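S.K.: Protein chains in written order, with this note's numbering: chain A, 2 to 569; chain B, 2 to 569. Glycine residues also receive a C-beta, built at the ideal position from the N, C-alpha and C atoms. The model shown is predicted, which means the values in this text are computed figures rather than measured ones. Sharing a structure, written as structure tokens. Questions coming.
Protein chains: 2
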Amino acid sequence: MIERTDPSFLSVARGTAPAELLLRNAQVVDVFNRELSMADVAVFGGRIASLHGTDAAEVIDLNGAVLAPGFIDAHMHVESTMLTPRGFAQLALPRGTTAVVLDPHEIANVMGVPGINMIMDDARGLPLRCWFTASSCVPASPLETAACSLSVEDLTSLLERDEVVALAEMMNVPGVINCDPNVLAKVAAGLTASQVDGHCPGLRGRDLDAYVASGVNSDHESTTAEEAAEKLAAGMTIYIREGTAARNLEALLPIVTPNNAHRVCFCADDRHPSDLHHHGHIDNIIRLAILMGLDPATAIAMGSLHTAQHFGLRDHGAIAPGRRADLVEIHDLSQLTIGRVWAEGCCAHSIGPSPVDWNAAAGTVHLPDQFGAHSFEIPGGEGQIRVIGTLPGQLITESLIFAAHVCDGQRVSDPSRDLLKIAVIERHGQSGTIGLGFAKGFGFNRGAIASTVGHDAHNLAVVGCDDQSMTTAARALAECGGGLCVALGEQILALLELPIAGLMSNEDPMSLIETEHALYAAAASIGSSFDNPFMPLSFLPLSVIPHLKISNLGLVDVDAFEVVTLDL
Amino acid sequence: MIERTDPSFLSVARGTAPAELLLRNAQVVDVFNRELSMADVAVFGGRIASLHGTDAAEVIDLNGAVLAPGFIDAHMHVESTMLTPRGFAQLALPRGTTAVVLDPHEIANVMGVPGINMIMDDARGLPLRCWFTASSCVPASPLETAACSLSVEDLTSLLERDEVVALAEMMNVPGVINCDPNVLAKVAAGLTASQVDGHCPGLRGRDLDAYVASGVNSDHESTTAEEAAEKLAAGMTIYIREGTAARNLEALLPIVTPNNAHRVCFCADDRHPSDLHHHGHIDNIIRLAILMGLDPATAIAMGSLHTAQHFGLRDHGAIAPGRRADLVEIHDLSQLTIGRVWAEGCCAHSIGPSPVDWNAAAGTVHLPDQFGAHSFEIPGGEGQIRVIGTLPGQLITESLIFAAHVCDGQRVSDPSRDLLKIAVIERHGQSGTIGLGFAKGFGFNRGAIASTVGHDAHNLAVVGCDDQSMTTAARALAECGGGLCVALGEQILALLELPIAGLMSNEDPMSLIETEHALYAAAASIGSSFDNPFMPLSFLPLSVIPHLKISNLGLVDVDAFEVVTLDL
């Protein structure tokens, strides 16, 4: 992209030299006033030169179509798309996304700073502009075993990079409000460099006061309007999240008013590839918001300018002279029907080969020595045990209590009550420990599924009806370097390989999506009650979201923030 | 002020330790939602800890009074107050101003970076928080002789300082849009470090496109709603200015809507001490806006949060946990009746002695060799001459044409037609050149006034009915090191000394205001048609504001940007 102060660009802006591209007769979304106005948008060197038309090498008549600024995701983990930034860009650009703020904390748990470097190197120079936040909580909690950790010094160094715009979501809320010196040192480093993203599900009252007072200035974890309104009034920018796993738009949209909309943005957080392809990304959130009754120009401003303002991204977020020519053609505003998308002024998005050698991220899945079906055994009798209750469309779980199902002195799965054995296996070649427990909600009547995507330490999580199926699934993933698997007995029913850190694939996105569909079909064939059971499975190890979770160290009571026994 | 991440502060925020101060029963202005809400505001270490009350060493019941965040001026030259930052703070704090963004370009023209250092040193540690912009245009134009200039390197170095938040108003609009390499290098330095303030009176259409495209992202010089609306839609933040010299609120307020208000702020730009004392500062603008019909909470947000957001001042602008405890008690919101003002949590504002040796800024006024009444002579005959037409309450002048008044072969003042001789004398001990011309609008029937405040080179400007009075006034200022003077014949009628760079005084503000009143009374006694004729006089040399101006090099046609002859 040309520099703003380049004379050849300013000559085009002033109208004394021809533009490269002119988009005539556009109904431009003026996100500053949140209204539409007719304009002829001149583009040169990847930037918008003028809204007053000009001579141009290429002229495209938009015939009154709406032209919106490119959409921006305020907070996302690209690893959730199972694709590299280059693969993700192929799915996101046609949806109008032209910039994202990425927190690479998934790969950081597996590979540390070298993994972050790979993501940043892959993202550099893409038509989809990738900004980053410095992952504040690697590992996410002491209640699981990650491969890597990031120190205050690591974060300070990351925060100095040009593409890093904030300290990433500070998930260790207890650490902040209880004044853990190491946690506060990270927050202080973020404040010194720029700002600090938050993550505080359910936080209210005095605990919220302390968290905000420390300098954290955003949140994307509210689930009720009251909670989000309290955070907004406390000075936080609210990112309304609508991803694959967590969907908060309907609950939070009522807080938005003309007065406060500029402090509300959109984010996906986590988004699976087939969802990206079939339903979209930020466009999906804007579309749903419009369908729920939000003024379209306001919805678009929340998906563009407001995020740019929050992070101080002055080249992004609006159709105005000097900004990046990131433009989205919209045919029907009420349905947000997306036409062409220009990124840096180009409609045909050139995504070259990655400079990254992804082989360096392979081979990250290690099973414990002497691993086998016996590894999943839970000796014990009948009696009350803790059971993780999964909830559709939510990351929060319930802490349930059921009588154990016993067979030959072993606690085993009981598909008749939908109580399935779950295991989290340390897979980074460290302790080899295995946490064991039971979960309700998956609905399998046979077989098992396994995943090396298990937030945030990304140990190997398996849930199933019998130990043999669980063993088969886990072994399949160890062999291919990670991914998602459905197994039945000794048979692999479906396998999606994610050889990059056990999290991502360098495959063509469309073929990955095909495999993804086959995977869900296989999960359905063993009785899954979720369309995509890998999503809840991947969040069951995440010990920073209430209430009962499981890591390689065992069951975790998140509210008490400690490992607890299976038996009550 | 305590660090946000200090455990003793966070304990107060969380309610586990007592606050220092509690303001109970406050109707807090929630600037994020632009509405009022009841709260008990707890303060510790100069910051707001919580809005939920707490035990506190000192409890003050506000009995339902409104509590607003401290006001912020988005753009101001402290030199216009004729006071040092410490003197200015004494007048501004009681008016609710707790932060200002200062462009020290007046003293920079006289003393360069050492002058800026003095202002910054004086401002450091004040309860009134002073932020700075790096003065981009010193000298303001090649059509006048300043004592000092700031290079790209000087600016790059200034921009690295913690208290510098932007490149200051880029007044050289022709330089930007005609791509002067030196000017664009300054803009580029501003963009690299942070952002670039603008100054573009009357700029519209393609010229505005080029100016905005270069990266300039604010303006405070609009005089019509149409002009300001065009700039807003082009992506600029609009600072509505209501100062002593220029008053744009009434013209510009109609552009403000709930959708765009977050991109509109207030600034004074220039404000004389008696105006500060009698009418106020940002409070004056908020008050007028409310009287003109703007929603009070919105007006207050424009005078606080919106400025903080524009400059990324995350400790300022709102009553919220973690922010500076800058609080303004308001008894009657409709009249903005200001009560107590807390800055960093303190109501009694402690302003200690300055660390600056102001004597180092004395003796900056030098008259040319052989200076005398003859220096003002303009030989010539009758015929059409250019005359500067001053306009009440505006910085813009008219370029008028009148027949010269001739006496003994000399063009002289003609009070009967209100055509007065004006001179600008280079006073920095450099060329000693004198620019001569005539101005209409001052209304004097005898005597003269002189000033070493003459934007932006601050040469010595004199306007009067006869050469002797002009000589007396100029000599008086040279003797005292600068200031403002009214003279009649050989008699000094009033003198306000500004020994600091010929711009400022270290005197007690209230005694300075008394002298100021005496000065205006003296001006009235010689027939001044302005309440304060020094204000228009000080802007007549400013060759970056249209249309006809005068510098030490002669009459300046600002539109053509060249020195022109007196005769047509």
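Counting only runs of 4+ residues fully inside the stretch 457-531 of chain B, write out the alpha helix (DSSP H) ranges in chain order.
M.R.: Qualifying alpha helix (DSSP H) stretches, in chain order: 468-481, 510-526.
S.K.: Counting beta carbon pairs with one atom in the stretch 465-477 of chain A and one in the stretch 431-442 of chain A, are three or more of them shorter than 8 Å?
M.R.: With the cut-off at 8 Å, the stretch 431-442 of chain A and the stretch 465-477 of chain A do not touch.
S.K.: Report yes or no: is there a C-beta of chain A within less than 8 Å of the C-beta of residue 196/B?
M.R.: Counting from one through the second sequence, the residue named residue 196/B turns up at place 195. Output row for residue 196/B: interface = yes.
S.K.: Between the stretch 206-226 of chain B and the stretch 147-163 of chain B, are three or more C-beta pairs nearer than 8 Å?
M.R.: Short answer: they don't touch.
S.K.: Does any CB atom of chain B fall closer than 8 Å to the CB of residue 53/A?
M.R.: Indexing the first sequence from 1 puts residue 53/A at position 52. Yes, residue 53/A lies at the interface with chain B (some Cβ there is under 8 Å from its Cβ).
S.K.: Please state if the CB of residue 456/A and the CB of residue 542/A are separated by a distance shorter than 8 Å.
M.R.: One-based indexing of the first sequence puts residue 542/A at position 541. One-based indexing of the first sequence puts residue 456/A at position 455. Their beta carbons are under 8 Å apart, which means residue 542/A touches residue 456/A by this criterion.
S.K.: Smallest Cα separation from residue 286/B: which of 319/B, 242/B, 310/B, 265/B?
M.R.: In the second sequence, residue 286/B corresponds to position 285, counting from 1. With distances taken between Cα atoms, residue 286/B lies closest to 242/B.
S.K.: Just how far apart, CA to CA, sit residue 459/B and residue 487/B?
M.R.: Indexing the second sequence from 1 puts residue 459/B at position 458. Indexing the second sequence from 1 puts residue 487/B at position 486. Cα to Cα, the separation comes out at about 18 Å.
S.K.: Which runs of the alpha helix (DSSP H) at least 4 residues long sit entirely within the stretch 334-361 of chain A? Give them in chain order.
M.R.: Qualifying alpha helix (DSSP H) stretches: none in this window.
S.K.: Going by the DSSP bridge assignment, what does residue 39/A pair with across the sheet?
M.R.: Locating residue 39/A in the first sequence gives position 38, counting from the first residue. Note: residue 39/A sits in a beta bridge opposite 28/A.
S.K.: Quickly, what does DSSP pair residue 380/A with across the bridge? List them, please.
M.R.: Numbered from 1 along the first sequence, position 379 holds the residue referred to as residue 380/A. DSSP output for residue 380/A lists 411/A as bridge partner(s).
S.K.: What residue range does the beta strand (DSSP E) around residue 77/B cover?
M.R.: Position 76 of the second sequence, counted from the first residue, corresponds to residue 77/B. Residue 77/B -> beta strand (DSSP E) spans 72-77.
S.K.: Which residues share a DSSP beta bridge with residue 555/B?
M.R.: Within the second sequence, residue 555/B is the residue found at index 554, counting from 1. According to DSSP, residue 555/B bridges with 552/B.
S.K.: Give the residues of chain A in contact with residue 322/B, contact being defined as C-beta atoms less than 9 Å apart.
M.R.: Your numbering for residue 322/B matches position 321 in the second sequence. Simply 209, 210, 211, 212, 213, 214, 215, 235, 236.
S.K.: Please report the residue range of the alpha helix (DSSP H) in which residue 536/B lies.
M.R.: As a position in the second sequence, residue 536/B is number 535, starting the count at 1. Taken as a continuous stretch (DSSP letters only), the alpha helix (DSSP H) holding residue 536/B covers 535-540.
S.K.: What did DSSP end up calling residue 317/A once you bin it into helix, strand or coil?
M.R.: If you number the first sequence from 1, residue 317/A lands on position 316. Three-state result, residue 317/A: coil.
S.K.: Just checking: is the beta-carbon of residue 200/B within a distance shorter than 8 Å of some beta-carbon in chain A?
M.R.: Taking the second sequence and counting its residues from 1, the one referred to as residue 200/B is at position 199. Answer no: the Cβ-Cβ gap between residue 200/B and chain A never drops below 8 Å.
S.K.: Beta-carbon separation of residue 503/A and residue 139/A under 8 Å?
M.R.: Walking along the first sequence from the start, residue 503/A turns up at place 502. Walking along the first sequence from the start, residue 139/A turns up at place 138. Contact flag unset, no.
S.K.: Just to check my reading of the structure: residue 148/A and residue 429/A have Cβ atoms closer than 8 Å, yes? What is that Cβ distance to the nearest angstrom?
M.R.: Translated into the one-based positions of the first sequence, residue 148/A becomes position 147. Translated into the one-based positions of the first sequence, residue 429/A becomes position 428. About 4 Å separates the two Cβ atoms, so the contact holds.
S.K.: Closer than 8 Å by C-beta to residue 351/B: which residues in its own chain qualify, once you throw out the five before and the five after it? Chain order, please.
M.R.: Taking the second sequence and counting its residues from 1, the one referred to as residue 351/B is at position 350. Only 128 meet the Cβ criterion.
S.K.: Could you list which residues in chain A have their beta carbon closer than 7 Å to that of residue 16/B, in chain order?
M.R.: Translated into the one-based positions of the second sequence, residue 16/B becomes position 15. In chain order: 207.
S.K.: Could you pull the start and end residues of the alpha helix (DSSP H) that residue 566/A belongs to?
M.R.: Here residue 566/A refers to the residue found at position 565 of the first sequence. Unbroken run through residue 566/A: none, as it is neither H nor E.
S.K.: Three Cβ pairs or more, each shorter than 8 Å: is that satisfied between the stretch 266-277 of chain B and the stretch 91-100 of chain B?
M.R.: These segments touch.
S.K.: Any beta carbon of chain B sitting closer than 8 Å to that of residue 10/A?
M.R.: Here residue 10/A corresponds to residue number 9 of the first sequence, with the count starting at 1. It does; some Cβ of chain B falls within 8 Å.
S.K.: Compute the Euclidean distance between the alpha carbons of residue 27/B and residue 39/B, then round it to the nearest angstrom.
M.R.: Translated into positions along the second sequence, residue 27/B becomes position 26. Translated into positions along the second sequence, residue 39/B becomes position 38. The alpha-carbon atoms of residue 27/B and residue 39/B are separated by roughly 6 Å.
S.K.: Contact between the stretch 80-89 of chain A and the stretch 319-334 of chain A: three or more CB pairs below 8 Å?
M.R.: Judged by Cβ distances under 8 Å, the stretch 80-89 of chain A makes no contact with the stretch 319-334 of chain A, as fewer than three pairs qualify.
S.K.: So, using beta-carbon positions, are residue 405/A and residue 381/A closer together than 8 Å?
M.R.: Counting from 1 along the first sequence, the entry for residue 405/A is found at position 404. Counting from 1 along the first sequence, the entry for residue 381/A is found at position 380. It is a contact, given that the beta carbons lie within the stated cut-off.
S.K.: Go ahead and label residue 310/A buried or exposed: buried means 16 or more other beta carbons lie within 10 angstroms of its beta carbon, across all protein chains shown.
M.R.: Position 309 of the first sequence, counting from 1, holds the residue named residue 310/A. So residue 310/A counts as buried.
S.K.: Please name the residue, chosen from 294/A, 198/A, 123/A, 212/A, that lies closest to residue 179/A on a Cα-to-Cα basis.
M.R.: Reading the first sequence from its first residue, position 178 is the one you call residue 179/A. Selected option, being the one with the closest Cα: 212/A.
S.K.: Look at the alpha carbon of residue 410/A and the alpha carbon of residue 445/A, and state the distance between them as a whole number of angstroms.
M.R.: Here residue 410/A is taken as the residue at index 409 of the first sequence, counted from 1. Here residue 445/A is taken as the residue at index 444 of the first sequence, counted from 1. Their backbone Cα atoms lie some 23 Å apart in a straight line.
S.K.: Just tell me which of 162/A, 324/A, 265/A, 238/A has its CA closest to the CA of residue 315/B.
M.R.: As a position in the second sequence, residue 315/B is number 314, starting the count at 1. Residue 238/A is the option with its Cα nearest to residue 315/B.
S.K.: At a cut of 8 Å, does the stretch 64-77 of chain A reach the stretch 114-124 of chain A through at least three beta carbon pairs?
M.R.: With the cut-off at 8 Å, the stretch 64-77 of chain A and the stretch 114-124 of chain A do not touch.
S.K.: Alpha carbons only, please: which of 466/B, 427/B, 356/B, 568/B is nearest the one belonging to residue 579/B?
M.R.: A question about residue 579/B goes unanswered here, because the residues of chain B that appear run from 2 up to 569.
S.K.: Quick one: what's got a C-beta closer than 8 Å to residue 146/A's C-beta in the same chain, skipping five residues either side?
M.R.: Within the first sequence, the letter at position 145 stands for residue 146/A. So the qualifying residues of the chain are 140, 427, 429, 431, 432, 434, 458, 460, 552, 553, 554.
S.K.: Under a three-way DSSP split, which group does residue 405/A fall into?
M.R.: On the first sequence, residue 405/A is found 404 positions in, with the first residue counted as 1. Residue state, collapsed to three classes: coil.
S.K.: Report, in whole angstroms, the separation of the C-beta atoms of residue 567/A and residue 390/A, which I expect to be a contact under 8 Å.
M.R.: Taking the first sequence and counting its residues from 1, one reaches residue 567/A at position 566. Taking the first sequence and counting its residues from 1, one reaches residue 390/A at position 389. Contact doesn't hold; Cβ gap of about 15 Å is too wide.
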